[in-house]
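Presented below is the structure to which this report refers.
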Amino acid sequence: MNKRFDIQALRAVAVIAVLLFHSGFLLNAGYLGVDVFFVVSGFVVTQLILRRIHSEGPLDLLAFWRKRVRRLFPGLALMVLVVSPVSLLVFPRLEEASAGLITATAGMFSAANVATAILEFDYFAAPSKENFMLHLWSLSVEEQFYIFWPLAFAAVWGVFKIRKFRIFAALVGLVSLGVWIIGSTELLGLVDRGQTLFGFFSPIARAWEFIAGALVALVPQVNKSTRSSNLFSYGGWIAMLAILIVAPYEQPGQGLSVVALVLSVGAILRWGSSGDIERILRGKNYSWIQFIGDRSYSLYLWHWPLAVFASILLPEQKFAALFGVLISVPLSFLAFGLVEQPFRSATGIGRHPLKTAVPALLLSTGVVLGSIVISFGAVEKVVSQEALPGDLDGEEILEQMGRISVGCSFPFSCFQSLPQNEVDILVLGNSHGAHLTVGLVQTFPSKNIVWVNDSSLIDGKVSITEILAAIPNPETIIVSEYLSAQGQENRVIEWESALELLTESGAKVVVTNGSPTLEVPAYKCKYGVV
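Just remember that the working numbering sits 4 ahead of the position in the sequence shown, which is counted from 1.
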């Protein structure tokens, strides 16, 4: 079978779309380039299996999987070996690298999508932008397809004739499409581990895209006129490019865009081989498209970690992600030439992929696991809670308060630093008051400091009147609330009334502006590049 240049062009367009999307500009739906890869992979792998069955008889699963290992694993192992230790130098707080390192470990065993789902990363949410191995989810989905689709052929092909096998594949695809539809709705949250089973990263919900490409390969080719081929192939290319450029970014608008994209790519795969576009792509003027298509896998592997690292190191630079992506391009070309291409060949190190793949797997996994240990173990040395008391989250604040609290002597939920009824400092406010209380106790260990839980001046469960009735004579009352919260500026009269009650108690009343809300995490101010 002759090489199809339009397939490499599809890969080139897909990876360029993903790179532009992760660079932060131009393509709102560039992330759908991954879906293009899925359809193309389903088509190519099914054609490969069919050729082997027709030429060699029953499918040799081990030979098929060895070829997949030779195709995918060396480049992945190299990227993981290089990127994992570097992440420990990039992240100001080493613990922040742990999610990426866990994802990398799972990715070495074709389970990065499972890890990201369990870690509860939303592909579209801000926290996912710091998981420098998040992109491995799609590679793991592909690898899972490469495991189970040949098994389906081996198990079902000998029982069914090709027509019935096509029906079987179509039914499996429809079931997967139904799962994908469920995963695109709020029904996802009603199922335990719904994100893992039905969500964005689920191989079950993605199988229909691979099967769409597979069905194109399973349908027998017929003589097609150049006119009809051009009509469908040009239409497919125009529709696919339009979707990548103008489809909405947010996930709710994704459904129809993905279906239309899959149909467009299917049309290209079905009719593209005999149309004008295939002949055009074979020309020397378009050799650069083939060049990028050949290196699309390496480009995909390297671009995202570099984009994340650049964004971490240059948080104020608008084009930091683009800078990282540009740096990744020569690195990916180098990795392709030195590692990926030699392993693909049938000579040299490519002749015995498992002999080198197993040591590489052990080495890569060892490096990642070592990095995980370092990331967790070094946190207290590099960024201890004692060094950064202002950067504690809610759970850590409550844990610290629990360690130094002596209970509560009053008829409501509270924190009390000394076992006596006389109160020196009364702290009012929700989480901001709690945050301030930790520092007050450390600063004034001989004072009895009481923080009343859920004691917002105007929205608290415990009213100011109830608090002052139980604690009538505090020396000082400190109010620490989120004053910049939306709507507070419209409640000045209520605030004035509450403060008047406090001042009438005879105590010195201090109103703070709450804990600061920083755009850059506090630890980056001390340890990182801001």
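Cβ atoms here follow ideal geometry from the backbone N, Cα and C, with glycine treated the same way.
Because the structure is a prediction, the values reported are computed rather than measured.
Does the count of Cβ pairs from the segment 277–293 and the segment 233–247 closer than 8 Å reach three?
-> Yes, since at least three Cβ pairs between the segment 277–293 and the segment 233–247 fall closer than 8 Å, the two stretches touch.
Just how far apart, CA to CA, sit V343 and G79?
-> Spanning the two alpha carbons is a distance of roughly 6 Å.
Between the Cα of V4 and those of W212, W275 and S261, spot the shortest distance and give me the residue it belongs to.
-> In the structure as shown, the chain begins at 5 and stops at 534. Residue 4 is therefore absent and cannot be evaluated.
Could you tell me the distance, in whole angstroms, from the CA atom of K512 to the CA atom of P96?
-> K512 and P96 have their alpha carbons spaced roughly 41 Å apart.
Using only alpha-carbon positions, find the residue among L273, S144 and V220 that is nearest to R210.
-> Cα-wise, what sits closest to R210 is S144.
Taking DSSP as the reference, what is the three-state secondary structure of A16?
-> Collapsing the DSSP output to three states places A16 in a helix.
Is there contact here, the segment 320–328 with the segment 15–30, by at least three beta-carbon pairs under 8 Å?
-> They touch, by the three-pair rule.
Assigned exposure category for A33 - 16 Cβ within 10 Å defines buried | Around the C-beta of A33, 16 or more other C-beta atoms lie within 10 Å, and the residue is accordingly described as buried.
Enclosing alpha helix (DSSP H) for I468 [first to last residue] = Looking at the DSSP string, the run of the alpha helix (DSSP H) that includes I468 is I468 to A474.
Quick one: grab the DSSP three-state call for V176.
-> DSSP places V176 in helix when its eight states are reduced to three.
Below-9 Å beta-carbon distance, S435 vs any chain B residue | Among the protein chains of the structure shown there is no chain B, as only one such chain exists.
Which of the three DSSP states, helix, strand or coil, is assigned to N225?
-> One point to set straight first is that residue 225 is Gln, not Asn, in the sequence displayed. Q225: coil per DSSP, three-state reduction.
Beta-carbon proximity list for Q389, same chain, < 6 Å, skipping 5 on both sides = Residue confidence is low: Q389 scores 42 on pLDDT, short of 50, so the model does not pin down where it sits. Its coordinate-derived value is still stated next. There are no such residues.
Proximity winner among G406, Q12, L23 and G61, relative to F47 (alpha-carbon distances) | The closest CA to that of F47, considering only G406, Q12, L23 and G61, is found on Q12.
What residue from I208, S277 and W212 has the CA that sits closest to R231's CA?
-> The shortest C-alpha separation from R231 is found at S277.
Is it a yes or a no for the segment 452–461 touching the segment 420–438, going by three-plus beta-carbon pairs under 8 Å?
-> Put simply, the segment 452–461 touches the segment 420–438. At least three CB pairs are less than 8 Å apart.
Beta-bridge partners of F419, as assigned by DSSP | DSSP lists W455 as partners of F419.
Go ahead and pull the three-state DSSP assignment for T2.
-> The question about residue 2 has no answer here: the residues shown for the chain are numbered 5 through 534.
Are T50 and A221 close, meaning C-beta to C-beta below 9 Å?
-> Taking 9 Å as the Cβ cut-off, T50 and A221 qualify as a contacting pair.
Between K71, G510 and Q424, which lies nearest to S349 when the distance is taken from Cα to Cα?
-> Nearest neighbour of S349 by Cα position, chosen from K71, G510 and Q424, turns out to be K71.
First through last residue of the alpha helix (DSSP H) which encompasses V431 = Boundaries for V431: no alpha helix (DSSP H) harbours it, while the beta strand (DSSP E) harbouring it runs I429 to L432, taken from the DSSP string.
Within the segment 297–358, ranges of the alpha helix (DSSP H) (whole runs, at least 4 residues) = The qualifying runs are 300–317, 324–339 and 345–348.
Say whether the segment 494–508 touches the segment 413–423, bearing in mind that this needs 3 or more beta-carbon pairs closer than 8 Å, one atom from each stretch.
-> At 8 Å Cβ cutoff, the stretches do not touch.
Do you know how far the Cα of G443 is from the Cα of L392?
-> Reliability of the predicted coordinates at L392 is poor, the pLDDT of 47 falling under 50, and the value obtained from them is presented with this limitation in mind. Within the model, the alpha-carbon separation for L392 versus G443 is close to 11 Å.
Going by alpha carbons, who is nearest to W69 out of K165, T507 and E147?
-> For the residues K165, T507 and E147, the minimum Cα distance to W69 belongs to E147.
Compute the Euclidean distance between the alpha carbons of V73 and Y301, then round it to the nearest angstrom.
-> In a straight line, the C-alpha of V73 is about 14 Å away from that of Y301.
Among all the DSSP beta bridges, which residues are the ones paired with V483?
-> Answer by DSSP bridge pairing, in chain order: L432 and V515.
Does the distance from the CB of F136 to the CB of V312 come in under 9 Å?
-> Yes, they are a contact pair.
F214: which of E504, I482 and V40 sits nearest, CA to CA?
-> The residue with the shortest Cα to Cα distance from F214 is V40.
Can the beta-carbon of I482 be found closer than 9 Å to that of G411?
-> No.
What residue does the alpha helix (DSSP H) around W161 start on, and which one ends it?
-> Boundaries for W161: no alpha helix (DSSP H) harbours it, and the DSSP string shows neither H nor E there.
When the Cα atoms are used, what is the spatial distance from W241 to A18?
-> Approximately 12 Å, taken between the alpha carbons.
Alpha-carbon spacing of G193 relative to W306, whole angstroms = Here G193 scores only 48 on pLDDT, less than 50, and its place in the model should not be relied on; the value that follows carries that caveat. One C-alpha to the other measures close to 33 Å.
When you compare only the Cα positions, how much space is there between W141 and I57?
-> Each residue's CA atom was taken as its position, placing W141 and I57 some 30 Å apart.
Look up Q424 in the DSSP assignment and say whether it is helix, strand or coil.
-> If DSSP states are grouped into helix, strand and coil, Q424 belongs with coil.
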